[in-house]
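Protein chains in written order, with my numbering: chain A, 2 to 214; chain B, 2 to 214.
Here a beta-carbon is modelled for each residue, glycine too, at the ideal position from N, C-alpha and C.
From a predicted model like this one, the values you see are computed outputs, not experimental measurements.
See structure below.
2 protein chains.
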Amino acid sequence: MARPKKIPGTTVSRLSVYVRALQKLRNEGVVTTSSEKLAEQIGLTAAQIRKDLAYFGQFGVPGRGYYVENLYNEIATILGINRRWEVALAGVGYLGYALLAYNGFKKQGFDVVIAFDKDPAKIGQTWEGVKIYDVAEAPSVLPESGAEIGIIAVPAAGAQEACDAFVSGGLKSILSFAPGRVITPPYVTVKRVDLAMELEWLSYYATNAGEHG
Amino acid sequence: MARPKKIPGTTVSRLSVYVRALQKLRNEGVVTTSSEKLAEQIGLTAAQIRKDLAYFGQFGVPGRGYYVENLYNEIATILGINRRWEVALAGVGYLGYALLAYNGFKKQGFDVVIAFDKDPAKIGQTWEGVKIYDVAEAPSVLPESGAEIGIIAVPAAGAQEACDAFVSGGLKSILSFAPGRVITPPYVTVKRVDLAMELEWLSYYATNAGEHG
DNA sequence: TATTGTGAAGGAATTCACAGCC
DNA sequence: GGCTGTGAATTCCTTCACAATA
Numbered sequence: 002m003a004r005p006k007k008i009p010g011t012t013v014s015r016l017s018v019y020v021r022a023l024q025k026l027r028n029e030g031v032v033t034t035s036s037e038k039l040a041e042q043i044g045l046t047a048a049q050i051r052k053d054l055a056y057f058g059q060f061g062v063p064g065r066g067y068y069v070e071n072l073y074n075e076i077a078t079i080l081g082i083n084r085r086w087e088v089a090l091a092g093v094g095y096l097g098y099a100l101l102a103y104n105g106f107k108k109q110g111f112d113v114v115i116a117f118d119k120d121p122a123k124i125g126q127t128w129e130g131v132k133i134y135d136v137a138e139a140p141s142v143l144p145e146s147g148a149e150i151g152i153i154a155v156p157a158a159g160a161q162e163a164c165d166a167f168v169s170g171g172l173k174s175i176l177s178f179a180p181g182r183v184i185t186p187p188y189v190t191v192k193r194v195d196l197a198m199e200l201e202w203l204s205y206y207a208t209n210a211g212e213h214g
Numbered sequence: 002m003a004r005p006k007k008i009p010g011t012t013v014s015r016l017s018v019y020v021r022a023l024q025k026l027r028n029e030g031v032v033t034t035s036s037e038k039l040a041e042q043i044g045l046t047a048a049q050i051r052k053d054l055a056y057f058g059q060f061g062v063p064g065r066g067y068y069v070e071n072l073y074n075e076i077a078t079i080l081g082i083n084r085r086w087e088v089a090l091a092g093v094g095y096l097g098y099a100l101l102a103y104n105g106f107k108k109q110g111f112d113v114v115i116a117f118d119k120d121p122a123k124i125g126q127t128w129e130g131v132k133i134y135d136v137a138e139a140p141s142v143l144p145e146s147g148a149e150i151g152i153i154a155v156p157a158a159g160a161q162e163a164c165d166a167f168v169s170g171g172l173k174s175i176l177s178f179a180p181g182r183v184i185t186p187p188y189v190t191v192k193r194v195d196l197a198m199e200l201e202w203l204s205y206y207a208t209n210a211g212e213h214g
């Protein structure tokens with residue numbers, strides 16, 4: 002399944018945006034759209050969208066545009082979200098619990114099926130239908146859980162331990178909310194989200210008002 | 002306070018990363034560092050770091066490197082985080098509450114000082130020392146709260162209303178966790194974080210294994 | 001000697017513009 | 001006529017390489 006050209010990371014991030022836009026159109030019963038209309042809806046240029054899609058194939062009809070349902074399916078397939086993903090969660094504090102209960106994940110096909118913590122008071126309990134295990138048990142219980150993606154929502158100090166446990170359990174894709182880098186083998190993909198950094202970004206633009214973002 | 006050149010957005014995002022690295026070095030008692038050492042610590046190239054800093058001035062000593070404390074202060078000033086920021090929160094559900102209780106914000110100087118919700122059961126209560134108001138009250142109570150940044154943690158359906166309330170209350174910087182775009186006047190900066198999109202990014206790389214991210 | 005700061009070179013991503021197709 | 005798909009042009013970002021400096 003070799004892909005012709007090398008795909009820019011920026012293009013990949015935009016695919017999710019396209020998927021959201023197409024989901025919205027589909028819910029509204031719109032059957033066809035165009036790169037121009039999508040661009041306006043999303044806030045990009047039409048050429049950008051066509052270029053992005055061109056990396057993966059030809060999905061449109063010249064003179065007509067794109068069929069919403071069809072384009073949605075194509076991009077969902079490219080993103081690998083035309084299926085369910087089982088997800089493991091490390092850290093059932095406030096943030097972890099919020100993620101556990103978050104509907105936005107389920108809606109996009111991501112199901113938290115197993116959770117881990119270090120707090121003895123939580124271990125063994127079942128929250129939102131998800132059983133909580135000791136982090137140390139991860140290597141043994143993860144493989145049979147079906148989880149392929151891990152989310153780290155523990156305090157900074159425990160991030161590496163949680164990450165190691167995930168990797169030992171066979172996970173190759175990890176989303177980390179802990180500030181700071183975690184060290185992993187090269188075959189593991191880690192995506193970091195640092196909430197404070199997002200606020201700092203706003204702080205910069207609020208402080209240096211003028212250059213719009 | 003005009004800035005000589007136009008600053009790439011990529012550079013701004015990296016400033017936060019530099020700040021984290023410098024905070025870490027400072028905590029470890031390290032006095033000086035170099036672009037080379039920082040680059041290794043962070044996972045970038047030394048030239049990149051020097052180029053980024055060059056947009057804002059000359060902070061290093063040729064042959065010596067950078068003074069950690071000094072460089073930290075310089076970048077913190079550029080980012081506008083050498084001060085406290087008061088923050089307003091819309092939506093005290095699971096996610097909102099997690100953000101309310103999140104220590105990572107306080108540690109970086111962001112203080113949630115006021116919260117909003119639409120649930121009558123929550124309105125009027127005080128959680129984590131933060132009083133919860135009706136969203137409709139935002140225009141009247143926000144100005145005297147001191148908040149300059151707003152965080153939207155409400156379900157998608159309420160995002161625009163929360164956003165409008167923030168804007169009416171005078172906020173110009175908004176961090177939104179709601180999926181989908183919110184419409185604002187051009188002088189308002191909105192930064193969106195879509196948690197499901199981050200998972201989709203992982204899904205892509207897990208599905209199309211090979212091209213590393 | 002070690003390391004910065006920066007002009008120049010190189011590479012990547014975006015935008016332009018239009019041939020080709022419906 | 002309208003719109004896609006794509007080579008070419010352009011803009012933006014990163015890396016290189018070295019003169020300047022402590």
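query	result
Residues sharing a beta bridge with A/Arg193, DSSP	A/Ser177
Burial state of A/Tyr188 (16 or more Cβ within 10 Å)	exposed
Rounded straight-line distance, which links the Cα of A/Gly181 to that of B/Lys38	16 Å
Closest by C-alpha distance to B/Tyr19, when choosing among B/Thr33, B/Gln42, B/Lys7	B/Gln42
Residue-chain proximity (B/Ser174, chain A), Cβ-Cβ < 8 Å	yes
Bounding residues of the beta strand (DSSP E) (the contiguous stretch that carries B/Val114)	111 to 118
C-alpha gap between A/Ile76 and A/Lys25, whole angstroms	14 Å
Continuous alpha helix (DSSP H) stretch holding B/Glu70: start and end	69 to 80
According to DSSP, residues forming a beta bridge with B/Gly66	B/Val62
Stretch pair the segment 157 to 171 of chain B + the segment 131 to 148 of chain B: three plus CB contacts closer than 8 Å	yes
Contact list for the segment 42 to 56 of chain A against chain B, Cβ threshold 9 Å	Gln42, Ile43, Gly44
Chain B residues whose Cβ lies nearer than 7 Å to that of A/Gln59	None at all; the shortest Cβ gap to chain B is about 19 Å.
For A/Val131, three-class secondary structure by DSSP	strand
A/Asp120, buried or exposed, once every other Cβ within 10 Å from all chains shown has been counted against 16	exposed
Ordered list of alpha helix (DSSP H) runs contained in the segment 12 to 68 of chain A, each at least 4 residues	36 to 43, 47 to 55
Which of helix, strand or coil DSSP assigns to A/Ala210	coil
Limits of the beta strand (DSSP E) - the one that A/Leu90 falls within	86 to 91
Residues near A/Asp195 in its chain [Cβ-Cβ closer than 8 Å; skip 5 each side]	Phe178, Pro180
Beta carbon proximity, B/Gln109 to chain A, threshold 8 Å	yes
B/Trp202: contacting residues in chain A (beta-carbon distance under 8 Å)	Val13, Ser14, Ser17, Lys192
Local conformation of B/Ser151 per DSSP, three classes	Checking the sequence, you will find Gly at residue 151 of chain B rather than Ser. Strand at B/Gly151.
Among A/Val62, A/Tyr73, A/Ala47, nearest to A/Arg27 - alpha-carbon criterion	A/Tyr73
8 Å contact criterion, which B/Val155 and B/Ala99 should meet: CB distance rounded	Not really, about 14 Å apart at Cβ, beyond 8 Å.
Beta carbon of B/Val113 nearer than 8 Å to that of B/Leu101	yes
Short Cβ contact (8 Å threshold) for B/Asp53 with B/Thr78	no
Run of the alpha helix (DSSP H) containing A/Val142, from where it starts to where it stops	139 to 146
Same chain, Cβ closer than 6 Å to A/Leu16, five either side skipped, listed in chain order	Ile76, Leu80
Integer-rounded CB distance, given that A/Ala116 should sit under 8 Å from A/Val136	That pair is no contact at about 10 Å.
Buried/exposed call for A/Ala139, threshold 16 Cβ in 10 Å	buried
Beta-carbon spacing of B/Tyr67, B/Thr46 below 8 Å	no
A/Glu149: contacting residues in chain B (beta-carbon distance under 7 Å)	Ala207
Own chain partners of B/Trp128 with C-beta closer than 8 Å, once the 5 adjacent residues on each side are dropped	Val93, Tyr98, Leu101, Ala116
Residue environment, B/Ala158, which counts as buried when at least 16 other CB atoms sit within 10 Å	exposed
Cβ-based neighbour list, B/Ser35, same chain, cut-off 6 Å, excluding 5 preceding and 5 following	Gly66
Helix, strand or coil at A/Tyr95 [DSSP, three-state]	helix
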